[in-house]
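Report on the structure given below.
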Amino acid sequence: MNRFYVLLGVLAVVLGIAVLALLRTGGTAPAAAAGPPPTVADDGFRGYSLGQANAPVEITEYLDFECPVCASFATIQMPTIKEQLVNPGRVRWRYRDFPLPVHKYSRFAAHAAQCAGAQGKFFEMHDQLFNHHQWAQTGKDPSDLFRSFALSSGVDLNAYDACMVAGRYAQRIEFSRQEGDQRLVDGTPTFFANGKKLDFRRLPGSDDFKAIADSIIAHSPRH
Amino acid sequence: MRHRQAIALLALVGLFVALYLWLHALGFGGAIKCGASGACETVQTSQWAVFLGLPVAFYGVVGYLAVLVVALASLREAALPQRHWNVMLVGLASVGFLFTIYLTCLELFVIHAICRWCVGSAAIITAIWVVAVLGLRREWGVGSGS
Chain Y
1 MNRFYVLLGV LAVVLGIAVL ALLRTGGTAP AAAAGPPPTV ADDGFRGYSL GQANAPVEIT
61 EYLDFECPVC ASFATIQMPT IKEQLVNPGR VRWRYRDFPL PVHKYSRFAA HAAQCAGAQG
121 KFFEMHDQLF NHHQWAQTGK DPSDLFRSFA LSSGVDLNAY DACMVAGRYA QRIEFSRQEG
181 DQRLVDGTPT FFANGKKLDF RRLPGSDDFK AIADSIIAHS PRH
Chain R
1 MRHRQAIALL ALVGLFVALY LWLHALGFGG AIKCGASGAC ETVQTSQWAV FLGLPVAFYG
61 VVGYLAVLVV ALASLREAAL PQRHWNVMLV GLASVGFLFT IYLTCLELFV IHAICRWCVG
121 SAAIITAIWV VAVLGLRREW GVGSGS
């Protein structure tokens with residue numbers, strides 16, 4: 001009987017240590033992907049873009065994946081903008097990262113999107129991050145949730161994990177943020193139309209962008 | 001006595017499996033350790049990972065703890081000859097076993113993903129149920145023969 005309780009006690013200690021080790025090695029969001037890099041380099045990348053290369057209007061959006069207004073814009077306005085402006089070839093939409101320091105996981109989310117983008121799944125991951133935006137309200141480490149998003153996006157998880165742990169695109173994201181600083185981006189989302197900053201007093205809608213595109217196209221040399 | 005000891009040991013292992021999954025559901029420890037398939041994330045982040053407002057793993061912690069406590073109580077000197085402990089162990093194990101069948105069906109036919117930790121827990125509760133039933137049958141066999 002005594003031997004049994006010794007065995008039970010030893011097993012409890014071993015299992016307790018194993019669980020603690022699992023929780024520790026499970027880790028939090030990899031620091032290389034979640035934090036700013038020590039150095040910044042320009043790899044020539046200027047953001048993923050939607051739409052035709054010869055579209056007369058290019059809208060550049062500086063976004064933060066943890067920003068609720070960006071999520072609202074992505075889920076409510078973008079479907080109409082894609083349908084009315086991007087798909088007909090009138091507008092090309094370019095995404096640039098501008099992770100705000102007040103958001104704990106926005107840089108990590110941007111990195112997740114870049115790692116998915118390396119496998120040709122940026123837009124799928126972008127949609128997952130914004131369509132299931134509850135992660136931004138919980139304050140919980142979203143590492144496993146983002147892996148689930150990556151999986152749903154059709155991303156190979158081995159390559160994704162390696163990319164995230166290495167923080168492969170941390171410098172690219174920081175470069176984009178510094179570029180935003182230079183262009184006087186002061187919040188998210190901030191938009192530029194053919195390089196000119198757009199000032200809105202409220203969150204713009206699809207009609208606003210339609211009017212902007214109409215105006216630019218009407219004043220372009222071809223018209 | 002041996003089967004009650006085996007149940008206690010199995011329940012202890014199950015308790016720590018459930019504890020890990022519960023702590024993970026509460027946000028401790030980051031990504032779940034589950035290989036590269038992502039199946040655990042799919043299961044853990046599905047709508048079925050919460051039952052009656054609480055993480056499913058929490059019910060596992062409570063269930064395994066109950067089995068462990070009853071098994072240990074049944075191993076007291078005075079409780080060894082008492083048969084009702086076996087009935088209690090079979091009852092608790094059966095509830096856990098049925099709940100596991102329900103969860104495994106969800107994984108197979110609704111979520112379409114199999115989490116290794118859930119499979120581990122399912123194996124443990126199945127083993128507990130088998131040992132508990134064998135223990136009860138053995139007691140009944142002894143009873144009818146005496």
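Taken in order, these protein sequences are the chains called Y and R.
Reminder that position 71 of the first sequence reads as 71 in my numbering, one-by-one numbering, no gaps.
Reminder that position 42 of the second sequence reads as 42 in my numbering, one-by-one numbering, no gaps.
We put the CB at the ideal spot given by N, CA and C, even for glycine.
These figures come from a predicted structure and were not determined experimentally.
Would you say A47/R faces chain Y, with C-beta separation under 8 Å as the test?
-> Before going further, note that residue 47/R is Gln rather than Ala in the sequence given. Interface annotation, Q47/R: not in contact with chain Y, CB-CB separation never under 8 Å.
Specify, as a first and last residue, the run of the beta strand (DSSP E) that W93/Y falls within.
-> First-last of the beta strand (DSSP E) with W93/Y: 91 to 97.
Through-space distance from E61/Y to D199/Y, alpha-carbon basis | One Cα belongs to D199/Y, the other to E61/Y, and the distance between them is close to 12 Å.
Is the segment 60 to 79 of chain R in contact with the segment 9 to 22 of chain R, if contact means three or more CB pairs nearer than 8 Å?
-> Enough Cβ pairs lie closer than 8 Å, so yes.
8 Å contact criterion, which H111/Y and G167/Y should meet: CB distance rounded = Indeed they touch by this definition, with Cβ atoms about 7 Å apart.
Which value, in whole angstroms, describes the spacing of the CA atoms of S146/R and L75/R?
-> Legend: pLDDT at S146/R = 34, less than 50; position of this residue unreliable, no value from coordinates given.
For I32/R and chain Y, any beta-carbon pair shorter than 8 Å?
-> For I32/R, a Cβ of chain Y is located within less than 8 Å of the residue's own Cβ.
Can you give me the start and stop residues for the beta strand (DSSP E) that T60/Y sits inside?
-> Bounds of the beta strand (DSSP E) holding T60/Y are 57 to 63.
Could you spell out where the alpha helix (DSSP H) holding F191/Y opens and where it closes?
-> For F191/Y, there is no enclosing alpha helix (DSSP H); the residue is part of the beta strand (DSSP E) that begins and ends at 190 to 193.
What residue from H24/R, A122/R, V43/R has the CA that sits closest to A93/R's CA?
-> The residue from H24/R, A122/R, V43/R with its alpha-carbon nearest to that of A93/R is A122/R.
Give the straight-line distance between the Cα atoms of V185/Y and K33/R, rounded to the nearest whole angstrom.
-> Between V185/Y and K33/R, the C-alpha separation is close to 39 Å.
Grouping DSSP H, G and I as helix and E and B as strand, with all else coil, what is K82/Y?
-> DSSP places K82/Y in helix when its eight states are reduced to three.
A49/R and W22/R look like a contact to me (Cβ under 8 Å); what is the Cβ gap, rounded to whole Å?
-> For a cut-off of 8 Å, the C-beta gap from A49/R to W22/R is around 11 Å, too long to register as a contact.
Are F191/Y and L85/Y closer than 8 Å when you measure CB to CB?
-> For F191/Y and L85/Y, no; Cβs fall outside 8 Å.
Report the rounded CA-to-CA distance for F175/Y versus L15/R, giving the unit in angstroms.
-> Whole-angstrom Cα-Cα distance: 47 Å.
Since Q114/Y contacts Y169/Y with CB under 8 Å, what's their CB separation in whole angstroms?
-> Between Y169/Y and Q114/Y the Cβ distance is about 4 Å, and since that is below 8 Å, they are a contact.
F122/Y vs T188/Y beta-carbon contact at 8 Å | Going by C-beta atoms, F122/Y is not nearer than 8 Å to T188/Y.
Throw me the rounded Cβ distance for the Q119/Y and D156/Y pair, which I believe falls under 8 Å.
-> Yes, Q119/Y and D156/Y are in contact; Cβ-Cβ is about 6 Å, under 8 Å.
Comparing the C-beta of Q82/R with each C-beta of chain Y, is any distance below 8 Å?
-> Taking 8 Å as the threshold, the shortest C-beta distance from Q82/R to chain Y does not fall below it.
Which residues in chain R sit within 7 Å of V19/Y, going by Cβ to Cβ distance?
-> The contacting residues are F16, L19, Y20.
Euclidean distance between Cα positions of P204/Y and D214/Y | Roughly 15 Å separates the two Cα atoms.
Under 9 Å from the C-beta of F65/Y: neighbouring residues of chain R = Going along chain R, no residue has its Cβ under 9 Å from F65/Y, so there is no contact; the nearest lies around 17 Å.
Separation of H24/R from G135/R, as counted between CA atoms | Taking the straight line from one Cα to the other gives about 34 Å.
Proximity of I217/Y and P56/Y at Cβ, strictly below 8 Å = Yes, these two residues count as a Cβ contact at 8 Å.
Same chain only: Cβ atoms within 8 Å of S49/Y, ignoring 5 sequence neighbours per side = Once the five neighbours on either side are set aside, the close Cβ partners of S49/Y are E58, R92, W93, R94, Y95.
Alpha-carbon spacing of H84/R relative to G9/Y, whole angstroms = Each residue's Cα considered, the two are about 26 Å apart.
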